[in-house]
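S.K.: To convert a position in the sequence shown, counted from 1, into the working numbering, add 130.
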Amino acid sequence: MDEKKTVVVAGVYLGDIAITLAGLSVELPPYVKDLDFAQLLEGADDLDAIKAKVDEALGEMGGEGGSAKGEEGRGRGRGEPPRGLVQAVLERAIQKGKFLSAGRCLDMLGEREAYVEKYLSKGLAGVGKGEGREAARALVIAANLDHKDGIPLFQYSGPALHESCTSSTGSCVTRIEEEHAVLKAFKYLIESEKVYSAIAELSPEERRDLLPHVVRERDPDAEEFFKRLEEAHTELGKIEQDDLKKLKATVADITRQVGEFAGSAGRLKPQGDEARAVLDRAVRTAAGLAKEFADAGALVDGWQFRRLERRLEQLLESGDDIKQARKALGEGGGAETALAGTDELIARLKQEDILKRVDEIEKQLIATQVTILGRSVHSQEHWQYLRELSFKYPSSPLVCCLRHINDRWMVVPVWDAPVTRLLMQ
131 MDEKKTVVVA
141 GVYLGDIAIT
151 LAGLSVELPP
161 YVKDLDFAQL
171 LEGADDLDAI
181 KAKVDEALGE
191 MGGEGGSAKG
201 EEGRGRGRGE
211 PPRGLVQAVL
221 ERAIQKGKFL
231 SAGRCLDMLG
241 EREAYVEKYL
251 SKGLAGVGKG
261 EGREAARALV
271 IAANLDHKDG
281 IPLFQYSGPA
291 LHESCTSSTG
301 SCVTRIEEEH
311 AVLKAFKYLI
321 ESEKVYSAIA
331 ELSPEERRDL
341 LPHVVRERDP
351 DAEEFFKRLE
361 EAHTELGKIE
371 QDDLKKLKAT
381 VADITRQVGE
391 FAGSAGRLKP
401 QGDEARAVLD
411 RAVRTAAGLA
421 KEFADAGALV
431 DGWQFRRLER
441 RLEQLLESGD
451 DIKQARKALG
461 EGGGAETALA
471 GTDELIARLK
481 QEDILKRVDE
491 IEKQLIATQV
501 TILGRSVHSQ
511 EHWQYLRELS
521 FKYPSSPLVC
531 CLRHINDRWM
541 VVPVWDAPVT
551 RLLMQ
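#1: Would you kindly report the start and end of the unbroken alpha helix (DSSP H) that includes residue 114?
#2: Of the choices 511, 388 and 308, whose alpha-carbon is the least far from that of residue 560?
#3: What residue range does the alpha helix (DSSP H) around residue 235 cover?
#4: With distances taken Cα to Cα, identify the nearest neighbour of residue 326 among 338, 313, 154 and 177.
#5: Looking at chain D, is there any beta carbon in it that lies within less than 9 Å of the beta carbon of residue 177?
#6: Does DSSP classify residue 541 as helix, strand or coil?
#7: My understanding is that residue 146 touches residue 228, with C-beta atoms under 8 Å, so please give their C-beta distance in whole angstroms.
#8: Residue 533 bridges to which residues according to DSSP?
#9: So for residue 296, helix, strand or coil by DSSP?
#10: Put residue 245 into one of helix, strand or coil per three-state DSSP.
#11: From residue 225 to residue 438, what distance separates their C-alpha atoms?
#12: Determine the extent of the alpha helix (DSSP H) in which residue 173 is found, giving its start and end residues.
#13: Start and end of the alpha helix (DSSP H) containing residue 339?
#14: Tell me the residue span of the alpha helix (DSSP H) that contains residue 499.
#15: What is the DSSP secondary structure of residue 394, reduced to helix, strand or coil?
#16: Alpha carbon to alpha carbon, how far is residue 256 from residue 311? Give it in angstroms, no decimals.
#17: Does the beta-carbon distance from residue 353 to residue 543 come in below 9 Å?
#18: What residue range is occupied by the uninterrupted alpha helix (DSSP H) comprising residue 327?
#19: When we look at the beta-carbon of residue 143 and count the other beta-carbons within 10 Å, is it buried (16 or more) or exposed?
#20: Quick test of your reading: residue 344 and residue 269, contact by CB under 8 Å. State the CB separation rounded to the nearest angstrom.
#21: Count the other C-beta atoms from every protein chain shown that fall within 10 angstroms of the C-beta of residue 499, then say buried if there are 16 or more, exposed otherwise.
#22: Label residue 286 either buried or exposed according to how many other C-beta atoms from any shown protein chain fall within 10 Å of its C-beta, with 16 as the threshold for buried.
#23: Sorted by chain position, which residues of the same chain lie with C-beta nearer than 7 Å to residue 170's C-beta, five sequence neighbours on each side aside?
#24: Just to confirm, are residue 520 and residue 289 a CB contact at a threshold of 9 Å?
#25: Round the Cβ separation of residue 266 and residue 340 to the nearest angstrom and send it over; I've been treating them as touching at under 8 Å.
#26: Label residue 479 either buried or exposed according to how many other C-beta atoms from any shown protein chain fall within 10 Å of its C-beta, with 16 as the threshold for buried.
#27: Express the C-alpha separation of residue 429 and residue 297 in angstroms, rounding to a whole number.
#28: Is residue 353 helix, strand or coil by DSSP?
#29: Just how far apart, CA to CA, sit residue 508 and residue 517?
#30: Please report how far the alpha carbon of residue 190 lies from the alpha carbon of residue 132, in whole angstroms.
#31: From which residue to which residue does the alpha helix (DSSP H) around residue 264 run?
#32: Could you give the DSSP three-state label for residue 513: helix, strand or coil?
#33: Tell me whether residue 376 is buried or exposed, calling it buried when 16 or more other Cβ atoms sit within 10 Å of its Cβ.
#34: Return yes when at least one heavy atom of the ligand ADP lies under 8 Å from the C-beta of residue 469, else no.
#35: If you measure between the beta carbons of residue 356 and residue 554, is that distance less than 9 Å?
Put into structure tokens, the structure is as follows:
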């Protein structure tokens with residue numbers, strides 16, 4: 131084949147209307163000149179049939195992009211490619227999933243609406259027959275052909291599903307009741323008002339049955355993602371049942387002990403001015419600690435580890451005051467009972483390095499985002515994780531949401547979400 135014909139054949143083979151049109155140009159444009167299409171086509175399937183279509187089309191045009199001949203050629207005009215050639219590119223583009231090229235072909239043919247209807251009807255017929263996989267394929271093709279960009283830009287529309295989740299998760303797709311969650315999932319996945327409206331007319335049972343197939347059509351790597359999601363869910367569960375549960379028990383013990391210290395310190399009877407000054411300092415320390423740890427359990431539940439660490443630091447720093455109070459007040463009696471427990475608690479917390487323990491729990495929780503995505507992101511921000519998750523796994527925004535951790539947010543699996551239940555069956 132000569133160079134121009136090779137380019138045209140390659141364009142049809144690839145389902146790429148831009149390359150096809152480049153081969154029909156009087157002079158090859160720069161973007162195809164240095165590409166080795168002959169090597170690309172070597173051993174390609176269906177090459178003879180494609181060459182035959184190209185020969186026919188070039189014949190209609192009077193040769194390699196030359197002046198058109200015959201009645202059809204004169205009617206079409208010099209710069210317009212043959213319909214048969216555009217139709218051939220269209221078929222390959224749909225087959226290969228190149229919907230931006232397919233859409234351009236349909237605009238050239240004036241058949242975009244007709245093709246959307248064709249695949250929409252095929253999809254709805256498949257639903258009626260219970261052929262979920264085939265129905266999903268046809269409906270997604272119809273949606274893509276109806277979309278100006280060929281396919282939805284999930285890296286933007288996915289995070290948009292969670293724009294309000296930092297203020298309220300009540301309306302999140304992972305929190306609303308099943309029927310509305312399924313509809314919201316379809317609206318996100320389909321992103322074609324025409325196709326979505328048709329799906330919305332199906333029965334709730336038909337929509338539930340169809341959704342997993344549409345998810346896997348939109349997200350070919352969904353099974354890989356769901357394994358990651360389950361792994362992250364298991365990791366979170368282990369952290370919550372082991373590390374956080376133990377931490378909360380420790381915090382409860384601290385809160386109890388600090389409360390006892392604050393309640394009994396004021397009843398001590400120091401002897402002498404020095405002892406009284408030391409005790410006054412200890413009483414103020416006890417009152418402050420009691421106030422700081424009153425809601426410490428809620429800090430654990432709310433993953434407010436930085437705030438908890440600051441309070442733990444205050445407790446550890448109070449150790450010297452408590453030791454001095456014990457020394458000034460002497461051994462035995464009420465003084466020993468009031469101060470010894472808190473002194474021993476602080477010693478134990480220092481020995482087990484409680485601050486490091488809290489820090490490790492925080493790091494483990496944040497690392498579950500890496501498990502979900504499969505790698506870390508540079509910014510470590512929740513929106514960046516959402517964007518990259520949505521791009522790599524379009525199904526991910528339907529089964530993940532945001533959770534507060536310190537003064538930031540992180541992405542977490544929502545295992546009890548209606549869509550999660552449907553997809554993990």
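All residues carry an ideal CB built from backbone N, CA and C; glycine is no exception.
M.R.: In brief:
#1: Outside the displayed range of the chain (131 to 555) lies residue 114, so it cannot be described from this structure.
#2: Given that the chain is displayed from residue 131 to residue 555, the structure contains no residue 560 and the question cannot be resolved.
#3: 229-239
#4: 313
#5: Among the chains of the structure shown, chain D does not appear; only one protein chain is present.
#6: strand
#7: 7 Å
#8: 540
#9: coil
#10: helix
#11: 57 Å
#12: Run containing residue 173: none; DSSP gives neither H nor E here.
#13: 334-348
#14: 484-503
#15: helix
#16: 23 Å
#17: no
#18: 323-330
#19: buried
#20: 7 Å
#21: buried
#22: exposed
#23: 140
#24: yes
#25: 6 Å
#26: buried
#27: 19 Å
#28: helix
#29: 13 Å
#30: 18 Å
#31: 262-275
#32: helix
#33: exposed
#34: The model depicted lacks the ligand ADP and carries no ligand whatsoever.
#35: yes
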